[in-house]
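> If you scroll down you'll find the structure; I have some questions about it.
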Amino acid sequence: MIKRARGADASNPHKRQKVVHEAPTSEEIHTSRQLMQLLSFDQDLQKARHGLQSFKVFLDGLLSKNGADDEKVQILRDYLESAKRQDGEFEATSLPDIMETWSFAAHANNDNIMSAVAVTLDLLMKFISQRLDFTALGLGIGRTLLQTRHQELIARNLSADKGKEFIFSPTLRLLREVICLDGGTLAKPMFRGQSLTFKSLARNMGMKHLGTGLEDFKRPSARTNAIRFFLSALKFLPAEGKAELLLQRELAPALTKSLLDDPPYLIFEILDTLRNHVVKDGKLAGYSKSKLLNSLTLGRLASLYQYKHNGSSEEGPRTTVEEAVHEFLTLTCTSPSAGVLRPQSGFYPRNIDPDAALLPSAEDEVEPGLESIVWMNKFKDDVPVRNVILADFIQSSSLRPWSSQKHSELLVTIFQAAPELVAHYFINKRSFTFEPKLSATWIGYSAFLFKTIESPLPDFFGHKNGFAMLPPPTSIMIDNILPLPMDQKILVKCLTQKVELISFVAVRLLVMAIQKLQAALMMHEEAAKAQNKPLWNDSARKLVDAFCQRAPGIKDVIACYREVGDSDLLQREATSKLLRLYYEVTPQVALMAKFDVSPLLISAIKRLNEAEETPEDRALQLVELENLLAVAGYSPGMRWFSKTQGLSLSPFVALLKVSVAAPIGVSLEGLKSALGAVAEEHQLVQSGSGDPLPLLTVLHSIRDSRNLASCDALWALLDNSTSRCATAPVKYLEMIKDLVSDDQSVATKSSGSLSPFTFALLEQLPFAISPASEDEISVLAHLISTYMLYTKGTSDGGDGFNALLEKFESAFSERPTGKKLLKKYTKQANAARELQSWGADFSTGEDEHRSQVEDKQEADQILSEEALANLLSAPSSLVQDNSALSKWATKEADELVEEGYAASVVSLLASEHTSIRKEALVNIAKMAAKIKDSSYEEKEQVWLLLSELVESCKGHVDTGPIPNFIVAFAQNALDVLKDPLHCLYGKLNSFLIKGPTWRLDKLPLVYDILQDGPELDDTYYSELSWLFSYLLDGVQAEPDMALYHNTRLFERLLSLASNPYLRQNLRAQILRIIYRSTCIEGGSTTLVTRFGIVSWLEAQSAACESQQERETYRALLRRIWETSDKERAAVWSNGGIKDVGIVN
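Just so you know, the sequence shown maps onto residues 1 to 1144 in the UniProt record's numbering.
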């Protein structure tokens, strides 16, 4: 078989040609003419590449340090000013030769030229952005790039193959420079062509850096350039464009695809931009934010906690990436305006209305219980939540609170912001158990659980307006109080562990949980008073039962306390507190244990008496003692006044001694209240006598001057007196009656202040005096004198107390020195008491009088005229600038609309001079033609608006100024037409196509907004805001005020302002219109006599709760009165205005 012959030169036409990469050549540039020749279009692409490379080297020199000398800058300026081509009458193209070269290279598939053009233009725009005097030239180049044919070239570069990063990477840098130029002037036009200018953005953002290690800061990868372009768009796009950009679903995953491999400076830029221009952007809707900040994005950002490239770079960060991402996630997940956190109802699940339950009527015999609520027991295994994004995020594997403190802090902060997530999280997160094992992981998880339990309960359990009719499900409440990992079996294991740290952690967790249970029960009590009492009481019982089923029993806690060593003070204090809380919060369960606290209390007292501890340790022992005392109060078998083995005193007196010996500054309120309750229960004092334990008060008053702890005679006396009084209180009560019957001067009220203990003390005093030393006698005399005078001071007794004091003196008859000391101390105490009684309040009441005057002045305070003007006076947008007639001619079509040149020419229609009005009308017609012939996207609508304005004003410019409201409408309409996403875009276009002219005696579009509903449900207030702005600009003179009056516009405005749901900023706009009307001659009088503004302002002032708003209304009322015809207003009101209080 014969082979097929090849070509004459025997070459294979299908063989791949060898690609030879040649380095581009360049030459030094000396003049702008030379530069123009180098960059002129030539189909010889080698020459074109030579020219572009020469220009690149030239720009590199300008951008280098100390390279931008005046001569080179002037060369560039001359070239840019000359490199323009007029395409048609109204459109110009900058750098036409470079654009043609780029287009030809694209058709010829020459990658080198396509890359060289992008690199050169990027360097050019970078230099221009650094020079304010080049801004106009840069804007011209930017608008040229945004022409449709050039956008297609950009799109061609951006969609190049993945291996051609040298093409699309510089193109991305170029787009970023264009969008950032002049504060984002070209951002909006660029986004209009997003199908081309943002082409393949997600792909380019998702391209991973293939080099080893981090990329070089000076040579950013394509991913870095794409992300920085995307971030620049977020910075400079308006809210509507930004929202549309964020709706592109593929951008968020591409942005966060490989964050762990990105350089630190890029991560910081991402976080800063998202925080400042997405999360904190108040104009951006939460729905749009949530498209970017979804659970996938949050999870990938959370992976940056493990970021390992925090090394220094040329832009070395001040904080680590971990700290920055933690701050960002905390803000994003807890800020209601960030779009992630949704409104929720706390412990009430989604789709549950606790106020809509059908309960049995009051006529039914059986009271309704929680069993009658269908959904009450449905949420043990699953809790539907409203914050779905956060629920998915916290379940992700990126967050491990047991191994990272910051993960734990973030989760707890989220739980506090959205309490509904706590139960949902632990129900679905069962991968990590709380089985006791002393490890860093277990300790970390314990800390996380502690912080979770420590989080406060939401107000009203999450219901918005007070307590709901029905309580939340018990299962959700208990999961927030004692989370699911902490079940009874595991907690008992923790308490019985030999490792002290594990049992201590478990005790602290239980203490926090039972305190939270206590707070929940108090909230149940409050709710029962306001709502359905049987249901809330039933819920409280079920909550206690659920807690007891999940928490260890009281016997386990007691066993744990008994196992704690004497030296482990922290553990003893925590466990005793847990015991106390069991008795206080769940007494019905704790008392079933029949626990005798006496041995533990006596042991605690012995430790206090025997050990010599530091003040800090003694304070802990006192707290433990207080806890045991509280438990003892629930124990009916406690023997308070019987001596036991190991104690020389009874527990009651031993506690008195402990209290006296306690360090100064330690709180003893718990100990004092417990001893007072015991004294009253055993009739040492009479009930209702004021001070529950005057003896303890007296001991504390003299302990600074006496060494009471070492006075054995004192404590023996008190021990005998208290034990005898507690054993036979009737005997001493009879002694009180005998004293009253013998001495009629002792009133009934005074006899109530006399305690049985006083007579027991009198009876036992002689036995204590006989063996006492002289120092002890002095202490006893001091105690008796102070005690008797204190008792006398708390009552109205006189001679009866003196007789009793004489009996105490006679008890010292065997020890004359003691009797003398008793009289001495009594005399000193009487003198001190007399001096103290002289310390009366000699104040004249001036402060009280002055405060009343100040309160009255504050109540009558009204804003000053200057403050009112600062608040309500708004500058007019109808400022007339005659130079606008010449400025607009040199501007592009989009500049005329976007930068306000068209609006400035329109405002001249209201000029007082006929010649200016005529010239303005002619210029508006020319401007409309220029815009129609341009490539501006909204050119048809803008041309129609300006043409109708011209037609409507043709026959009126000679007779006088065009009405201000017509000019204001045209100006504000331009703002609508330049934004297709504006809420009034549809209504305005409908208005424009109704007819070729407008009536100049009617307010355009006003009643379409006020009477017809909005086109979209959520744009009503946005439409009103635009309308109020237009009406404010439209009322400038008496004719405008007359039209507002004749059309009864003020009636509608005042009616709208009376709506209690109207937003505050809209109400402020209405007040600005009223204030502007007072600046017009006769405006205030019209408001008073035609629209009842006085009574309306008074009603608004009385109804508002804010003091500042009230002052504003009153100041505006005063302003209206002062600028009105007072005589006419007074006659019109028949003197009624004087009753309002604004007439001096």
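We treat Cβ as the ideally placed atom computed from N, Cα and C, and that holds for glycine.
Keep in mind the model is a prediction, meaning the values are calculated, not measured.
Going residue by residue through the segment 70–135, where are the continuous beta strand (DSSP E) segments of at least 3 residues, counting only ones entirely within it?
Taking only runs of at least 3 residues, the beta strand (DSSP E) segments lying wholly in the segment 70–135 are 84–87 and 91–94.
> Using the three-state DSSP reduction, which class does V685 fall into: helix, strand or coil?
In this structure, V685 counts as coil in the three-state DSSP scheme.
> Excluding the 5 residues preceding and the 5 following K56 in the sequence, name in chain order all residues of the same chain whose CB lies nearer than 8 Å to its CB.
Counting only Cβ-Cβ distances below 8 Å, and skipping sequence neighbours, we find S26, A116, V119, T120 and L123.
> Can you list, in chain order, the residues of its chain whose CB lies under 7 Å from that of F379, leaving out five sequence neighbours each side?
The residues are P349, P473, S475 and I476.
> Specify the secondary structure class of Y787 as computed by DSSP and reduced to three states.
Helix at Y787.
> If you follow the alpha helix (DSSP H) that L1000 is part of, which residue opens it and which one closes it?
No alpha helix (DSSP H) contains L1000, which DSSP labels as neither H nor E.
> Check for me: the alpha helix (DSSP H) holding T496 runs from which residue to which?
That residue, T496, is in no alpha helix (DSSP H); it is neither H nor E in DSSP.
> Could you tell me the distance, in whole angstroms, from the CA atom of R999 to the CA atom of R1052?
Cα to Cα, R999 sits roughly 21 Å from R1052.
> Would you mind working out which of Y425, S439, Q488 and H407 sits nearest D392, comparing C-alpha positions?
With distances taken between Cα atoms, D392 lies closest to Y425.
> Going by Cα to Cα distance, which pick from E152, L45 and K72 is closest to N110?
Comparing Cα-Cα distances from N110 to each of E152, L45 and K72, the minimum goes to L45.
> Within a Cβ cutoff of 6 Å, which residues of the same chain sit near A970, ignoring the five residues on either side of it in sequence?
Excluding positions up to five away in sequence, the list reads V906 and L949.
> Are the Cβ atoms of P263 and E215 separated by less than 7 Å?
A contact, by the Cβ cut-off of 7 Å.
> Decide yes or no for the touch test of the segment 1101–1116 against the segment 895–913: beta carbon pairs closer than 8 Å, at least 3 of them.
Output reads no: the segment 895–913 does not touch the segment 1101–1116.
> To the nearest angstrom, report how far apart I443 and L510 are at their CA atoms.
Spanning the two alpha carbons is a distance of roughly 15 Å.
> If you reduce the DSSP assignment to three classes, tell me which class Q880 lands in.
Three-state DSSP puts Q880 in coil, outside helix and strand.
> Could you compute how far the alpha carbon of N1101 sits from the alpha carbon of Y1113?
It should be noted that the sequence gives Ser, not Asn, for residue 1101. S1101 and Y1113: Cα-Cα distance of roughly 6 Å.
> Label A530 either buried or exposed according to how many other C-beta atoms from any shown protein chain fall within 10 Å of its C-beta, with 16 as the threshold for buried.
Looking at its Cβ environment, which holds fewer than 16 other Cβ atoms inside 10 Å, A530 is exposed.
> Kindly list the residues whose CB is nearer than 6 Å to the CB of S952, restricted to its own chain and excluding five residues on each side of it in sequence; keep chain order.
Here the set comprises T997 and W998.
> Quick one: using the 10 Å Cβ neighbour count with 16 as the cut-off for buried, is H782 buried or exposed?
Buried, because 16 or more other Cβ atoms sit within 10 Å of the Cβ of H782.
> Leaving out the 5 sequence neighbours to the left and right, which residues in its chain are closer than 7 Å to L146 when beta-carbon positions are compared?
Answer for L146: L186, P189, M190 and G193, listed in chain order.
> Mind pulling the alpha helix (DSSP H) runs of 4 or more residues that sit fully within the segment 393–422?
Taking only runs of at least 4 residues, the alpha helix (DSSP H) segments lying wholly in the segment 393–422 are 405–417.
> Identify, in the order they occur along the chain, each residue of the same chain with its Cβ nearer than 8 Å to the Cβ of Y305, setting aside the five sequence neighbours on each side.
Within the same chain, Y305 has close Cβ partners E322, V325, H326, S398, S404, K406 and H407.
> Rounded C-beta distance between A709 and K657? I'm assuming under 8 Å.
Indeed, because the Cβ distance is near 7 Å, the residues count as touching under 8 Å.
> Given this structure, state the Cα-to-Cα distance separating R1067 from V340, to the nearest angstrom.
Using only the alpha carbons, I get a separation of about 30 Å.
> What did DSSP end up calling Q344 once you bin it into helix, strand or coil?
The answer is coil: DSSP assigns Q344 none of H, G, I, E or B.
> Starting from the C-beta of A546, find all residues in its chain whose C-beta is less than 7 Å away, skip the five residues before and the five after it, and write them out in chain order.
Within the same chain, A546 has close Cβ partners T474 and I478.
> Grab me the residues of G818's own chain with a C-beta within less than 6 Å of its C-beta, minus the 5 sequence neighbours each way, in chain order.
The residues are I777, A781 and F812.
> Around the C-beta of V922, are 16 or more other C-beta atoms found within 10 angstroms, so that it is buried, or is it exposed?
So V922 counts as exposed.
> In angstroms, rounded to a whole number, what distance separates the CA positions of I736 and S755?
Going from the Cα of I736 to the Cα of S755 covers about 8 Å.
> In three-state terms, what does DSSP make of N157?
It is helical.
> Taking Cβ positions, are L668 and S659 nearer each other than 7 Å?
Result yes, Cβ atoms of L668 and S659 sit closer than 7 Å.
> Would you say the segment 959–977 touches the segment 926–936, given that touching needs at least three Cβ pairs under 8 Å?
No, the segment 959–977 is not in contact with the segment 926–936.
> Which residue comes first and which comes last in the alpha helix (DSSP H) that contains Q1107?
Q1107 -> alpha helix (DSSP H) spans Q1107 to E1122.
> Tell me whether F467 sits in a helix, a strand or coil according to DSSP, three-state version.
Correct three-state label for F467: coil.
> Taking 8 Å as the threshold, find out whether the segment 873–886 comes into contact with the segment 1119–1127 through three or more Cβ pairs.
Not touching, per the Cβ criterion.
> Got a sec? Which residues, its chain only, sit under 8 Å from R223 by beta carbon, not counting five neighbours each side?
Same-chain partners within the cutoff: N204, M205, G206, M207, K208, H209, S258 and D262.
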